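According to the working numbering, the sequence shown is numbered sequentially starting from 76.
Ideal Cβ positions, reconstructed from N, Cα and C, are used throughout, including at glycine.
Predicted model, so just to flag it, every value in this text is computed and none were measured.
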Amino acid sequence: MWTMWKEELCKMISRKIVWLGIFLLLAFVTVRLYEERYHYTTIIDGRIYQGQEAIVKDKALTKDYCGALTLEKVNKIYKNYGFFYYNEESSKPAGNYCSRFVTENFTNFRQTDGYDPTQIHFYKGKEWEYNAQYLLDNEVRFDYVYGWNDFAEMYVAAILALFVILLLGLSPVFAEEYQLKTADILLTTRRGKGSGIWMKILAALCFAVVLTLGVCAYMWSIYLVIYGVQGLNASAILLSFVTPFGFCPESVLGFLLYITFLGFIGALLLTGIAMGISALCKSPFLALILSVSIYFFPVVWVKVLAPMWIFGAYAKKISHFMTSMPVYLPMSTGFAFSTEQMALHVCIALAVGIGGMYLGYHRFRRC
């Protein structure tokens, strides 16, 4: 039966369109990171730095202020470097990482066009209480997290694109057997009807997990090369991808490992869904179309159908189910779900994934 596993895995690996998709995805991630590094600019003590040198200088500067974030530290950064803004002539940043952090989180910067520093001022009264005070009240550990903030956003985007690529390899697993009329040959033996089908599903799982692991490892590697490990022990709340509400690991490293874990759960769920759909379709192309449609349907539900309250009180429960699906699971932190809700979403994802595999097994067995 391991021969069946090997043959099925080889069939998925041999699909050139999958490798073309992986190549284009990794090329995009690499080129974008290179551009981000190349255009990175900082100003320290009146001197302008650009590229990798600017990143090194910002990291060194931040070390002087890392640790517990206090009002005194915020005022010290402002006193030494002023507010961050964009040069009106060149549109380039005028400031450094520390001044940018203070400006974006403690002032009305986002309410201005960002080009006139005279319009920027610290929040006052209720605005300060609602928008800035929580950073000082929650024992936030400050450090340089610019690169890891970018990593979190790019990881989610890359993993969602990877899921579409995975469907190109997963969708034909059973449907192709129908089209080539080889299903009857496989199902003529008792072992073929039992362990033979499970070996095909296991091969699909291995394919999805290995490719997901490869993309994750590549992204971690290139970001570590550019930005190093500094900032991984900082508070996760410093990342723009994190909200102050709902469940979230305390450190940046914990948060990044958490979304990486959600990416793997999403890959397992995607495999289960693809197996169920593939067993229901007689054509690989139809299986692919249905798989991609179902993959993106939760977006249609959350953005279009849910606000219409078509199902009344059940709409919220359906929305929780939809946000447990692969297209939303890796970025669930943006919904500010509680610990109990996130545990429920992971359980739903695993249940649906396992259910899809069982559906694929029984449907193909009885074809």
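> When DSSP labels each residue in this structure, what does Arg90 get in the three-state scheme?
Replying inline: Assignment of Arg90 by DSSP, reduced to helix, strand and coil, places it in the coil class.
> Are the segment 106-126 and the segment 186-199 touching by the rule of at least three beta carbon pairs closer than 8 Å?
Replying inline: Inter-segment contact for the segment 106-126 and the segment 186-199 is absent: fewer than three beta-carbon pairs are separated by less than 8 Å.
> Thinking just about the alpha-carbon of each residue, which of Gly157, Thr257, Gly200 and Thr116 is nearest to the one in Glu179?
Replying inline: The shortest Cα separation from Glu179 among Gly157, Thr257, Gly200 and Thr116 belongs to Gly157.
> Measuring CA to CA, which of Asn206, Leu136, Tyr221 and Val239 is closest to Leu95?
Replying inline: Comparing Cα-Cα distances from Leu95 to each of Asn206, Leu136, Tyr221 and Val239, the minimum goes to Val239.
> Does DSSP classify Phe372 as helix, strand or coil?
Replying inline: Residue state for Phe372 is assigned as helix, using DSSP reduced to three classes.
>> Determine whether the beta carbon atoms of Leu314 and Trp223 lie at a separation below 8 Å.
In response: Closer than 8 Å, so yes.
> Which residues mark the beginning and the end of the alpha helix (DSSP H) in which Ile152 is found?
Replying inline: Element bounds for Ile152: Leu146 to Tyr156.
> Looking at the unbroken beta strand (DSSP E) that takes in Ile385, where does it start and where does it end?
Replying inline: Counting along the chain, Ile385 falls outside any beta strand (DSSP E), and DSSP gives it neither H nor E.
> Whose C-beta lies closer than 7 Å to the C-beta of Ala418 among residues of the same chain, with five residues either side of it excluded?
Replying inline: Spatial neighbours of Ala418 in its own chain (CB-CB distance under 7 Å, excluding positions within 5 residues in sequence) are not present.
>> On the criterion of 16 or more Cβ atoms from any shown chain inside 10 Å, does Asp133 qualify as buried, or is it exposed?
In response: Per the 10 Å Cβ criterion, buried.
> Excluding the five sequence neighbours on either side, which residues of its own chain have a C-beta within less than 7 Å of the C-beta of Ile272, listed in chain order?
Replying inline: Excluding five sequence positions before and after Ile272, the CB atoms of its chain that fall closer than 7 Å to its own CB belong to Tyr436, Phe439 and Arg440, given in chain order.
> Going by the beta-carbon positions, is the gap between Ser366 and Ile348 smaller than 8 Å?
Replying inline: A contact, by the Cβ cut-off of 8 Å.
> Looking only at C-alpha atoms, which of Lys275, Arg216, Leu245 and Gln194 sits nearest to Asp139?
Replying inline: Taking each of Lys275, Arg216, Leu245 and Gln194 in turn and checking the Cα distance to Asp139, the smallest one comes out for Arg216.
> According to the neighbour-count rule (16 or more other Cβ atoms, all chains shown, within 10 Å of its Cβ), is Leu299 buried or exposed?
Replying inline: Exposed: under 16 other Cβ atoms inside 10 Å.
> What is the residue span of the alpha helix (DSSP H) that Tyr230 lies within?
Replying inline: Note, Tyr230: alpha helix (DSSP H), Tyr221 to Leu245.
> Residue range of the alpha helix (DSSP H) that Tyr172 falls in?
Replying inline: Tyr172 to Phe181 is the extent of the alpha helix (DSSP H) around Tyr172.
> Is the beta carbon of Gly93 less than 8 Å from the beta carbon of Leu243?
Replying inline: For the record, residue 93 in the displayed sequence is Val; it is not Gly. Yes.
> Between the C-alpha atoms of Gln127 and Ile97, what's the straight-line distance to the nearest angstrom?
Replying inline: Roughly 27 Å separates the two Cα atoms.
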